[in-house]
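Here our numbering is used: position 572 in the sequence shown is 574, and no number is missing along the way.
Don't be surprised by glycine CBs; every beta carbon is placed ideally from N, CA and C.
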Amino acid sequence: MNEPTDKKPNFFQRHKVDWVLAIILLIALGLYGYGTWKTGSANDFYTSAITSMTQSFKNFWYASFDPAGYITVDKPPVALWFMAISAKVLGVSNFSVVLPSVLFGVGSVYLMYRLVTPYFGRFAGRIAALVMTITPIVVADSRTNNMDATLIYFLLLAIWMLQKSINKHNMYWLIGSFATIGFAFNIKMLQAFMIIPAMLIFYWLASNDSWKKKIGKLLLATIALVVFTLSWPLSVDMTSANNRPYEGGSQHNSVLELAFGYNGTQRLLGQTTGTGGAFKGMGGNSSKNSKQPTGSTKNNNNMTPPSGKMGNFNPSKNMKSRGNFPGGTHRGGMKMNGKGGMGGAGGAFNIGNAGPLRLFQSALGPQISWLLPFSIIGMIAAFIGFADPKRKWYQLTTRQKHTVLWTGWLVPVYGFFSVASFFHPYYTIMLAPAIAALTGLGLAAMLDLFKRFGLNNYKAYFLPLAIVVTAGLQAWYVSSYYAWLSVLILVVAVLASILLLVFKAKPAGKAIVIVGLLSIAVAPSFWSLTPTLAKESAAIPTAGPDLLTSGGNNSGGIGNGTVNTKLLNYLTKHQGNAKYLFATADSGTAAPYIIKTKKAVMAMGGFNGTDPAMTLSKFKKLVKSGQVKYYLDEGKSGSTNSTIVNWIKKHAKKVSASEYSGSSSTTSSSNSMNFTMKNGASAKMAQPSGKQSMNMGGRPSNMSNGTLYDLSSIY
Numbered sequence: 003m004n005e006p007t008d009k010k011p012n013f014f015q016r017h018k019v020d021w022v023l024a025i026i027l028l029i030a031l032g033l034y035g036y037g038t039w040k041t042g043s044a045n046d047f048y049t050s051a052i053t054s055m056t057q058s059f060k061n062f063w064y065a066s067f068d069p070a071g072y073i074t075v076d077k078p079p080v081a082l083w084f085m086a087i088s089a090k091v092l093g094v095s096n097f098s099v100v101l102p103s104v105l106f107g108v109g110s111v112y113l114m115y116r117l118v119t120p121y122f123g124r125f126a127g128r129i130a131a132l133v134m135t136i137t138p139i140v141v142a143d144s145r146t147n148n149m150d151a152t153l154i155y156f157l158l159l160a161i162w163m164l165q166k167s168i169n170k171h172n173m174y175w176l177i178g179s180f181a182t183i184g185f186a187f188n189i190k191m192l193q194a195f196m197i198i199p200a201m202l203i204f205y206w207l208a209s210n211d212s213w214k215k216k217i218g219k220l221l222l223a224t225i226a227l228v229v230f231t232l233s234w235p236l237s238v239d240m241t242s243a244n245n246r247p248y249e250g251g252s253q254h255n256s257v258l259e260l261a262f263g264y265n266g267t268q269r270l271l272g273q274t275t276g277t278g279g280a281f282k283g284m285g286g287n288s289s290k291n292s293k294q295p296t297g298s299t300k301n302n303n304n305m306t307p308p309s310g311k312m313g314n315f316n317p318s319k320n321m322k323s324r325g326n327f328p329g330g331t332h333r334g335g336m337k338m339n340g341k342g343g344m345g346g347a348g349g350a351f352n353i354g355n356a357g358p359l360r361l362f363q364s365a366l367g368p369q370i371s372w373l374l375p376f377s378i379i380g381m382i383a384a385f386i387g388f389a390d391p392k393r394k395w396y397q398l399t400t401r402q403k404h405t406v407l408w409t410g411w412l413v414p415v416y417g418f419f420s421v422a423s424f425f426h427p428y429y430t431i432m433l434a435p436a437i438a439a440l441t442g443l444g445l446a447a448m449l450d451l452f453k454r455f456g457l458n459n460y461k462a463y464f465l466p467l468a469i470v471v472t473a474g475l476q477a478w479y480v481s482s483y484y485a486w487l488s489v490l491i492l493v494v495a496v497l498a499s500i501l502l503l504v505f506k507a508k509p510a511g512k513a514i515v516i517v518g519l520l521s522i523a524v525a526p527s528f529w530s531l532t533p534t535l536a537k538e539s540a541a542i543p544t545a546g547p548d549l550l551t552s553g554g555n556n557s558g559g560i561g562n563g564t565v566n567t568k569l570l571n572y573l574t575k576h577q578g579n580a581k582y583l584f585a586t587a588d589s590g591t592a593a594p595y596i597i598k599t600k601k602a603v604m605a606m607g608g609f610n611g612t613d614p615a616m617t618l619s620k621f622k623k624l625v626k627s628g629q630v631k632y633y634l635d636e637g638k639s640g641s642t643n644s645t646i647v648n649w650i651k652k653h654a655k656k657v658s659a660s661e662y663s664g665s666s667s668t669t670s671s672s673n674s675m676n677f678t679m680k681n682g683a684s685a686k687m688a689q690p691s692g693k694q695s696m697n698m699g700g701r702p703s704n705m706s707n708g709t710l711y712d713l714s715s716i717y
């Protein structure tokens, strides 16, 4: 007989290590982090802000784009705070600015496991974590300094706190959950609110409190949500405009306007600010009432895509090559549809055609939807398989309630991307947690149904159906690149599904299940590996085999050679006591110089050159006081700055091009673009006269010399 003991279990006994999870986390770390210290390009718009934020607390607090605190980026500062702290400790480099995204990406994989395992078992948790790891757009987003990987982590953290509040009947965890959503609002604004309906429904269904207590607790949680949401925006908007940078992306220097306009309703209805004109119907949704840009263009057909800064470049007329382009286009080539969308798969502006099947189309599907059919079928199987036959249909079990949570995440986000007019394909990372969770718990439900029911019951067919349908979609995606792999996926998946039914009750059934699941895991795994193999860290993250042939989607950033060395030397030599190294129209020209020199460069009109941050009278004062001595004209002023640029051209002295031309650290200084064709040939295309070279990451490279004006000659 054993003697009773009061000895408590040690740490390792209480916290058993799941070695499968540990391997998955290591895979995630490798996919997200490998080579980020070697790449030369992140999102230079944000890297410039991070460089500036390391120089003063004021810049840090407001997320100033430039060291002088003239204008901010067009997003809240929270994600950039983590990056700026990393850069302050490690120095500004691609690795330091991307490191927080890598860690938050790995953290999201861990949270997926923690959110699914307690309710659906370790197997389901592992699958959810693995699916999150190998979702291609998750990998691409976690390798750059955009906000998306950070946002997903805090949304998952909010869900974890919500689950904890229900399990422990603790109001403070509930308040903390909604406060975290408010915190996440200050990462990427209204995007964080997309999961609030799921949280409210889940809490109402899962909490054992009376309805009166539920309402009371939710009111307190809502107060916390409002406080954490508005604390930073109100602190900015209530500060005198003279004591802070202009709020980039807004038309009236307001964070709240930015949140509910440019980063809010316009994402759904179509972009009308920050682009030089109305821009609706991306990817095929044209509008008869769409306005042409009002910037310095001479051709009415020259639409300026949002965030693209293509200047006087008409993609629909000048992009006819059918080669392999950076940005994830199909092997069959890329075509511009003249409405802001790229006709090939991937690309900075291609979001397909609006409708219920948009996420399955080739524009978005290869980034996010590889396992979307499996997750949807799994969701249905979960509601059926986890039901209690002794209860009425509306009396949900605990597992069904948690299925409702992830369904509540999937449905509104799916709906938004199905109808929205303006977003980049990499925004679809918002779907990744729901797809991962529903795949994990759905697979557990389908396996259980398959074991419990005979072939005469429809419930046994969920698993083979999910495998075949998912394989069919994947085969279509893969067929544009590897026909043989497309056939292999279909053959293996169909054969495995048939054999599952034949050998259902035999020991071989387990091995067949594994083969069937592997058949639908190979393609997304390879796609997720491509950003890592290409060492991509892009402003417009994407995944796909094109990265392996195009050398990555390197769209501006540290070390990509976008600074004209001779121009920089001239400006540095003649800057004198001027506050700004030079002024220019937009951030695309300014960012590389800020990153290179850590000096102030005025992006007069913000990101696209269209923010009304500067007036002619104010600019004249800056020139007269000697704070701005030079203006670099890259052929694009933006609609709000044309008056200032015209004044400069009329009164300022042009600096002789021989003083700053002909010496550039760019890979090419010619006004042309080279693309690799399908057959390996090189296609060289003439650049329009806008004096800007453009890479296909969605932002222009500073690859031309431009025209430099000496403003000190005016007064």
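Item, Value
"How many whole angstroms separate the CB atoms of T146 and V94, which I take to be in contact at a CB cut-off of 8 Å?", "In fact, because the Cβ distance is near 15 Å, the residues do not count as touching under 8 Å."
"Could you name the residues of the same chain whose beta carbon sits closer than 7 Å to that of H653, not counting the 5 residues immediately before and after it, in chain order?", "I716"
"As a quick exercise: from M201, I650, T709 and W234, pick the residue whose alpha carbon is nearest that of P658.", "The sequence as given places Ser at residue 658; Pro does not occur at that position. Of M201, I650, T709 and W234, the residue nearest in Cα terms is T709."
"Hey, could you find the ends of the beta strand (DSSP E) D712 is sitting in?", "T709 to D712"
"If the criterion is Cβ atoms closer than 8 Å, does the pair Y112 and G127 meet it?", "no"
"Sort out for me which residues DSSP pairs D635 with in a bridge.", "T709"
"Are there three or more Cβ pairs, one per stretch, closer than 8 Å when the stretch 128-147 is compared with the stretch 29-39?", "yes"
"L457 and L407 look like a contact to me (Cβ under 8 Å); what is the Cβ gap, rounded to whole Å?", "Incorrect: roughly 32 Å between the Cβ atoms, too far for contact."
"Using a threshold of 8 Å, state whether the C-beta atoms of A541 and W529 are closer than that.", "no"
"Roughly how many angstroms separate the alpha carbons of Q253 and L443, rounded to a whole number?", "46 Å"
"Have a look at M616, T74 and N648 and flag the residue whose alpha-carbon is nearest the alpha-carbon of E249.", "T74"
"Let me know the secondary structure DSSP gives K626 once reduced to three states.", "helix"
"Which residues does DSSP list as the beta-bridge partners of A605?", "T586"
"Just mark G608 as buried or exposed, buried being the case when its beta carbon has 16 or more other beta carbons within 10 Å.", "buried"
"What whole-angstrom Cβ distance do M432 and V421 have, given they're in contact under 8 Å?", "In fact, because the Cβ distance is near 14 Å, the residues do not count as touching under 8 Å."
"Okay, do the stretch 388-399 and the stretch 189-201 touch, 3+ Cβ pairs below 8 Å being the bar?", "no"
"Can you tell me which of K394, L449 and S423 puts its alpha carbon nearest to the alpha carbon of N352?", "S423"
"Does the stretch 174-187 come close enough to the stretch 218-232 to have 3 or more Cβ pairs within less than 8 Å?", "yes"
"Can you check which of these residues, K77, P594 and L92, is closest to F262 by C-alpha distance?", "K77"
"Return the Cβ separation of L451 and A383 in integer angstroms, given the expectation that the two are a contact with Cβ distance under 8 Å.", "6 Å"
"Should Y479 and P368 be called a contact, given that it needs their Cβ atoms to be closer than 8 Å?", "yes"
"Beta carbon of S714, beta carbon of K631: below 8 Å?", "yes"
"Counting pairs of beta carbons, one from the stretch 466-473 and one from the stretch 513-526, are three or more of them closer than 8 Å?", "yes"
"Excluding the 5 residues preceding and the 5 following N681 in the sequence, name in chain order all residues of the same chain whose CB lies nearer than 6 Å to its CB.", "Any reading at N681 needs caution, since the residue's pLDDT is 35, under 50, leaving its predicted position unreliable; the model's value is listed next. Closer than 6 Å at Cβ, skipping near neighbours: no residue."
"Is it true that the CB of L490 sits closer than 8 Å to the CB of L465?", "no"
"Give the secondary structure of K60 by DSSP, where H, G and I count as helix, E and B as strand, and everything else as coil.", "helix"
"Please name the residue or residues paired with S179 in a DSSP beta bridge.", "Note: S179 sits in no beta bridge, so no partner."
"Who are I73's beta bridge partners in DSSP?", "Y248"
"Thinking just about the alpha-carbon of each residue, which of S481, V493, T41 and K18 is nearest to the one in F97?", "T41"
"Excluding the five sequence neighbours on either side, which residues of its own chain have a C-beta within less than 6 Å of the C-beta of M616, listed in chain order?", "M606"
"What do you reckon, are the CB atoms on L82 and A131 nearer than 8 Å?", "no"
"Once DSSP output is grouped into helix, strand and coil, what is the label at S66?", "strand"
"Tell whether a beta-carbon distance below 8 Å holds between G107 and V80.", "no"
"Using CA atoms only, rank isn't needed, just tell me which of A592, I522 and Y582 is closest to D712.", "Y582"
"With the cut-off set at 8 Å, would you say S209 and L158 are in Cβ contact?", "no"
"To the nearest angstrom, how far is the alpha carbon of I168 from that of W206?", "10 Å"
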